[in-house]
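The numbering of the sequence shown is the working numbering, which starts it at 245 and goes up by one. Ideal Cβ placement from N, Cα and C applies to all residues, glycine included. Read through the structure below, which is laid out as structure tokens, and then see the notes.
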Amino acid sequence: KKNQTKVSRLEEYLQQRDYTVLEFQRGIGESEEHADLWTGYCSFHLGDYKKAMEVYKSLTTGPDCPAEVWVYLACTLFFLGFYKEAEEAASKAPMSPLQNRLLFHLAHKAELKNLIDISSCSFEFAKELIRHNLVVFRGGEGALQVLPPLIDVIPEARLNLVIYYLRQDDVQEAYNLIQDLVPTTPQEYILKGVVNAALGQQIGSRDHLKIAQQFFQLVGGSASECDTIPGRQCMASCFFLLRLFDDVLIYLNSVKGYFFNDDTFNFNYAQAKAALGNFKQAEEIFLLIQNEKIKNDYVYISWLARCYIMNQKGQHAWELYLKMGTSSDSFSLLQLIANDCYKMGQFYYAAKAFDALEKLDPGSNYWEGKRGACVGIFQLILANKESKETLKEVVPLLRNSGNPQVEYIIRTLRKWAKDNRVLIS
245 KKNQTKVSRL
255 EEYLQQRDYT
265 VLEFQRGIGE
275 SEEHADLWTG
285 YCSFHLGDYK
295 KAMEVYKSLT
305 TGPDCPAEVW
315 VYLACTLFFL
325 GFYKEAEEAA
335 SKAPMSPLQN
345 RLLFHLAHKA
355 ELKNLIDISS
365 CSFEFAKELI
375 RHNLVVFRGG
385 EGALQVLPPL
395 IDVIPEARLN
405 LVIYYLRQDD
415 VQEAYNLIQD
425 LVPTTPQEYI
435 LKGVVNAALG
445 QQIGSRDHLK
455 IAQQFFQLVG
465 GSASECDTIP
475 GRQCMASCFF
485 LLRLFDDVLI
495 YLNSVKGYFF
505 NDDTFNFNYA
515 QAKAALGNFK
525 QAEEIFLLIQ
535 NEKIKNDYVY
545 ISWLARCYIM
555 NQKGQHAWEL
565 YLKMGTSSDS
575 FSLLQLIAND
585 CYKMGQFYYA
595 AKAFDALEKL
605 DPGSNYWEGK
615 RGACVGIFQL
625 ILANKESKET
635 LKEVVPLLRN
645 SGNPQVEYII
655 RTLRKWAKDN
665 RVLIS
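Following this line, the structure appears as structure tokens:
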């Protein structure tokens, strides 16, 4: 039991990348098994590559040094900039995914650094190409500093800068950059289609959406692209914009095996399922999505809420609303919950939503919806499909309204409650 406690405590410190316990135990002569390996591990992940290097170097001098220590040492040398020494150390380690990955990065460092350091005037263009490619390899890092001057030098620079703007949600800048480009390759048609689709949805422009749909159709219908994954995605996008969701699913189903756990693919796939009334599968697919940006998008929230309601989970839809701040989107979600819950006979959450809408817009006719929902709750209680205790919440909801019909309805409810020994106040 004592050993289990020690191991448990060590694991807690390691999860926090805190090796103070290892140092303390070493000082009092009570080191854990493999304490040096753990110290090297923690030092490396804390960014103290020099200390990690010293620990691993010390281990390599021992007679019982595990062979994989050489690749750990090589990693520390790589991060310290000793590329030649890192390669030598890695060559002494057994083959492994880590060794392979390290050698790959070392090869990029032996090549790119040499190319960038070449000072010949005749190599200036290649220098710009390398700088451009490094931005791409690094996922857009430094795009605004490197790519704009290269737009008229390297054709791909314009396209990659457009992609960068799209990823930053700066759709207008992406459009400004690509609007005058006459597409000649499938990639250019696709990118121009994506930009027009994004701008069209953002500003509500049918013209931009039509252009996007035409570009997607050109690519997806071409002989060279119709059987490729991008080509089929284009046809799915074309039919999505045309709201022909049966056709959308034909194309998405044909490529879904290549997009396992891809959040963007699942977002579109779930919307198409829901649009065709397959709310059970749509809910399951929506819930697979992990990307926080998508999950905070009103399109995602509203579709998921509708799926919940259609799957008789009105409470989950209401909880989605409660998590939203006050905004035009939250008001729209309230309207969706109120009307869809009413339509699906989930009168309790319909009444709560209509009540909230009535408070936000007292001059409206939301009273009629709330009245119908409250009467609907009473009907469900009479049919033994709703708890009698729910009447306790119905009365306050009705009292929130200033409508003269309120007292008549409450008197009816009170009479029934009294006759059936139900306490509602």
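Q.
Out of K636, N647, E651, V415, which one is the CA nearest neighbour of I187?
A. In the structure displayed, the chain extends from 245 to 669; residue 187 sits before or after that span and is not available.
Q. Taking all protein chains shown into account, do 16 or more other C-beta atoms lie within 10 angstroms of the C-beta of M339, making it buried, or fewer, making it exposed?
A. exposed
Q.
Using only the alpha-carbon positions, how far apart do K537 and F530 sit?
A. 13 Å
Q | Where D308 falls, given that 16 or more other Cβ within 10 Å makes a residue buried | A | exposed
Q: Report the rounded CA-to-CA distance for L580 versus Q446, giving the unit in angstroms.
A: 21 Å
**Q.** Extent of the continuous alpha helix (DSSP H) to which L635 belongs
**A.** In this chain, the alpha helix (DSSP H) harbouring L635 covers 635-643.
(Q) Could you compute how far the alpha carbon of C551 sits from the alpha carbon of Q534? (A) 18 Å
Q: Could you pull out every residue in the same chain whose Cβ sits closer than 7 Å to the Cβ of A627, ignoring the five residues on either side in sequence?
A: none
Q | Rounded straight-line distance, which links the Cα of C585 to that of H560 | A | 12 Å
Q: Work out the CA separation of K659 and A617 for me, nearest whole Å.
A: Going by the C-alpha atoms only, they are around 19 Å apart.
Q.
By the three-class DSSP mapping on this structure, what secondary structure does Y583 have?
A. Note that residue 583 is Asn in the sequence shown, not Tyr. N583 carries a helical assignment under DSSP once its states are collapsed to helix, strand and coil.
Q: Entirely within the region 552-620 and at least 4 residues each: give me those alpha helix (DSSP H) ranges in chain order.
A: Correct list: 558-567, 572-587, 591-604.
(Q) Measuring straight from C-alpha to C-alpha, what distance separates V623 and N555? (A) Checking the displayed sequence, the identity of residue 623 turns out to be Gln instead of Val. Going from the Cα of Q623 to the Cα of N555 covers about 21 Å.
Q. What residue does the alpha helix (DSSP H) around N497 start on, and which one ends it?
A. 489-499
Q) Looking at C-alpha atoms only, which residue of R382, S572, Y610 is the closest neighbour of S645? A) Y610
(Q) If you reduce the DSSP assignment to three classes, tell me which class K629 lands in. (A) For K629, the secondary structure class from DSSP, reduced to helix, strand or coil, is coil.
Q.
If the criterion is Cβ atoms closer than 8 Å, does the pair G613 and F591 meet it?
A. no
Q.
Quick check: what's the CA-CA separation for L453 versus L488?
A. 14 Å
Q) Between the C-alpha atoms of A418 and L388, what's the straight-line distance to the nearest angstrom? A) 13 Å
Q.
Taking the alpha-carbon of G325 as reference, which of M297, L493, K500 has the nearest alpha-carbon?
A. For the residues M297, L493, K500, the minimum Cα distance to G325 belongs to M297.
Q: Please state if the CB of E312 and the CB of A337 are separated by a distance shorter than 8 Å.
A: yes
Q | Reduced DSSP category for Q423 - H, G, I as helix; E, B as strand; rest coil | A | Q423 falls in the coil class under three-state DSSP.
Q.
If the criterion is Cβ atoms closer than 8 Å, does the pair A334 and A318 meet it?
A. In contact: A334 and A318 (Cβ atoms closer than 8 Å).
Q. Counting Cβ pairs, one atom from each stretch, are 3 or more of them under 8 Å apart for the region 500-518 and the region 539-547?
A. With the cut-off at 8 Å, the region 500-518 and the region 539-547 touch.
Q. In this structure, does DSSP put M479 in helix, strand or coil?
A. In the structure shown, M479 sits in a helix (DSSP, three-state: H, G or I).
Q: Could you name the residues of the same chain whose beta carbon sits closer than 7 Å to that of V390, not counting the 5 residues immediately before and after it, in chain order?
A: R375, H376, V379
**Q.** Contacting residues, own chain, Cβ-Cβ under 8 Å from C365 (five flanking each side not counted)
**A.** Annotation note: pLDDT 49 at C365 (below 50); position unreliable, coordinate value reported separately. The answer is none, since no qualifying residue turns up.
Q: Could you name the residues of the same chain whose beta carbon sits closer than 6 Å to that of A480, not counting the 5 residues immediately before and after it, in chain order?
A: A distance below 6 Å between beta-carbons, with the five flanking residues on each side excluded, links A480 to the following residues of its chain, in chain order: V492, Y495, L496.
Q: Would you mind stating whether V406 and I422 have Cβ atoms separated by less than 8 Å?
A: yes
Q) Run through DSSP, which three-state label would P430 get? A) helix
Q: Confirm, please, whether the CB-CB distance from L443 to V671 is below 8 Å.
A: Any property of residue 671 remains undetermined from this structure, which presents the chain solely from 245 to 669.
Q. How is V397 classed by DSSP in three states: helix, strand or coil?
A. coil
Q. Going by the beta-carbon positions, is the gap between V639 and I625 smaller than 8 Å?
A. no
Q) How many whole angstroms separate the CB atoms of Q343 and V299, which I take to be in contact at a CB cut-off of 8 Å? A) So it is not a contact: roughly 19 Å between Cβ atoms.
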